[in-house]
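If you use the working numbering, the sequence shown corresponds to residues 24 to 505, in order.
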Amino acid sequence: MSKVTLVFPRLKRESNVWAPLPLQAVAAPLLEDGFDVKLLDGRTFHPHIPRILSQARGSLYVGLSVMTGWQIRDAVAISRAIKDAYPDIPVVWGGYHASMLPEQTLVESYVDYVIRGQGQLPALELAKRLRDGQPVEGITGLCYKKDGKPVITGHPKLVDIDQFPSTPYGILDMEKYMVPDLGSRSMKYFSSQGCPFGCGFCAETSMYGRGWVGFSPERVVDDLERLVNDYGINAVDFADTNFFVSKKRVRAICEGIIKRGLDLKWAADVRTKQFIDFPEDLRQLVYDAGCRRLLLGAESGSQQALEHIGKQTTVDDTLHVSRICNDLGIITRFTTMFGFPGEPEKDIEATLRMIEGIKAINEDFEVHGFFFAPYPGAPMYQEAVRLGFRPPETLEAWADFDLTELHTPWVDPVYKEKVDMIIDFYMPFASPGPELKRLMAGGGPRGYAYRAMHKLAAWRVGNRDFRAPLEWQLKKRRSGRK
Ligand code: B12
Ligand code: SF4
């Protein structure tokens, strides 16, 4: 049987190891067509490269899924090892990074093909052509080399995902991916791809061109039922970038979950405005069907910044949605970003004010802060370059591009230090998530210290008084930061 090896390279940090959904999706049509698929998750065995090499022997190709940042480092090491051991096995890169920068990826000697966008169909077609000794030119989404030079083809549109066979969970040991999150056995699951909005900082637009495709509600409910029955899951975190695009689909999924009596808690990402626009009965249905946490991109408390990034929401929307979720009993998790072009210093104050507003509505929320990082392919990427951002120039240099760090020259170092202090330390302590709450509830001097820190952080954030931040300096020293 013809073999295809798919590899998920290691990540730098990952507190919970979620199943490699992108590769499970790519594997589904290959398996259905009779290919022998080896899916190897580099995060789950050690040392990983020798095992990948032994499994890859005789493959038609080895496909790697790669996100921008540290994962590139491991993907390069794996690709080089494959090429050294088996010069004739083609190495294929897919996923967000290679899709955005196919040329820079393909100039490397250890990458033979890049598949842009959705991988299910091109990965299958490539396997068939390599098996049958046919030329590979003309496969939608496939970039290749001709006379040693990259040939870049256009970015493909999203195709209907209901045509693909069920996700093959059984090709991995799913026990490794049962994460304690909303339930004791939580899993990530994807029910759609793409997002019709075009926020300036987000890679989604260029990856899927503002398209959106979703599984039918019946298929989603069947999948969830299968996951409950076969793997005993009790919670799901939807990996969709935008689960809530179709009201009709959301309604049918929720009704299906209730009708089949699936005892599931679930979490998903939603735009603030989207949830506000849902009729009240639908929001209630979402709760009744088990939704207990929503991740909302609040992004900024500055209306000017929201407009700049094309978020199409208001600060009032963020507060409004907090009220709605509070009334329903849904936990809110907000993401905020700092350092957009414009007036970043003023934005800190506005964002802290917004966070206070959320807190006044419900103490029980989480907030996460990030610096704006120009992602290749995101609408604001070119603006960032105009304003002096110097993107890495080689594939390997992108491995050092930590999307959680600051890369934008217009942000003053003093502002950066302040934001670091607030988002790394004071904000999480002032509005603690489940892990910190657990520590705060602990007994003894440790529990007392956490409770005291929470009080101090809440006071500092509330009064905007970050003078003499001794506790922050101590934390920095202990974690080895300068
Ligand atoms: C789950 C997830 C994670 C998991 C990843 C682990 C995992 N097991 O998948 C965790 C939580 C660890 C994670 C971490 C990060 N993530 Co993340 N993550 C996601 C998320 C929500 C879902 C991914 C998913 O499963 N999608 C479902 C699958 C089916 O779709 P897909 O990924 O698009 O895969 C398709 C194609 O890309 C392609 N494809 C993918 N791989 C391959 C390989 C081959 C060979 C082929 C042919 C095709 C192919 O075909 C697939 C099927 O159509 C996405 C957003 C999203 N909804 O996609 C963000 C996303 C992928 N993450 C993103 C980012 C930025 C990060 C972090 C940098 C965040 C951070 N600030 O730290 C880190 C990076 C990791 C690190 N620290 O080193 C960005 C990627 C941007 C970029 N340029 O790479 C995304 C797109 C979110 C966003 N819109 O900004 N993430
Ligand atoms: S940030 Fe969210 S809403 Fe905006 S384009 Fe990205 S996925 Fe869509």
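Here a beta-carbon is modelled for each residue, glycine too, at the ideal position from N, C-alpha and C.
- Rounded to the nearest whole angstrom, the CA to CA distance from GLY156 to ASP56 is 17 Å.
- Per DSSP, the unbroken alpha helix (DSSP H) holding TRP482 starts and ends at 467-486.
- Assignment of beta-bridge partners to TRP235 by DSSP yields GLY217.
- Proximity to THR91 across ALA50, ILE75, ALA121 peaks at ALA121, based on C-alpha coordinates.
- The beta carbon of TYR398 is closer than 6 Å to those of ALA226 in its chain, skipping five residues each way along the sequence.
- For ALA407, same chain residues with a beta-carbon under 7 Å away, outside a window of 5 residues either side, are PRO397, THR431 in chain order.
- Here DSSP, grouped into helix, strand and coil, assigns GLY81 to coil.
- Contact check for ASP64 against LEU87 fails: the beta carbons are separated by 9 Å or more.
- At least one heavy atom of ligand 2 is found less than 8 Å from the C-beta of PHE224.
- LYS26: member of the beta strand (DSSP E) spanning 26-31, first to last residue.
- In this structure PHE261 is in contact with ALA290, their Cβ atoms being roughly 7 Å apart against a cut-off of 8 Å.
- When the alpha-carbon of GLY142 is set against those of MET197, ASP111, VAL89, the nearest one is in VAL89.
- Annotated as proximal: TYR310 and ILE353, with beta-carbon spacing under 9 Å.
- For PRO173, the enclosing beta strand (DSSP E) covers residues 172-174.
- The Cβ atoms of ALA108 and LEU76 sit closer than 9 Å to each other.
- Here the segment 340-349 does not lie against the segment 241-261, with fewer than 3 beta-carbon pairs under 8 Å apart.
- Secondary structure in the segment 59-118: the alpha helix (DSSP H) runs of 4 residues or longer, each lying completely within the stretch, are 71-79, 94-108 in chain order.
- Taking every protein chain shown into account, the CB of PHE68 has fewer than 16 other CB atoms within 10 angstroms, so this residue is exposed.
- Contact check for GLY140 and HIS178: beta-carbon distance about 6 Å, within the 8 Å limit, so the pair qualifies.
- Secondary structure note for PHE489: it is in no beta strand (DSSP E), with a DSSP letter that is neither H nor E.
- Taking SER325 as the centre and dropping the five residues before and after it, the same chain places the C-beta of ASP370, ALA373 closer than 6 Å to its C-beta, in chain order.
- Excluding five sequence positions before and after PRO110, none of the CB atoms of its chain fall closer than 7 Å to its own CB.
- Look at ALA42 here: in three-state DSSP terms it is coil, with no helix or strand label.
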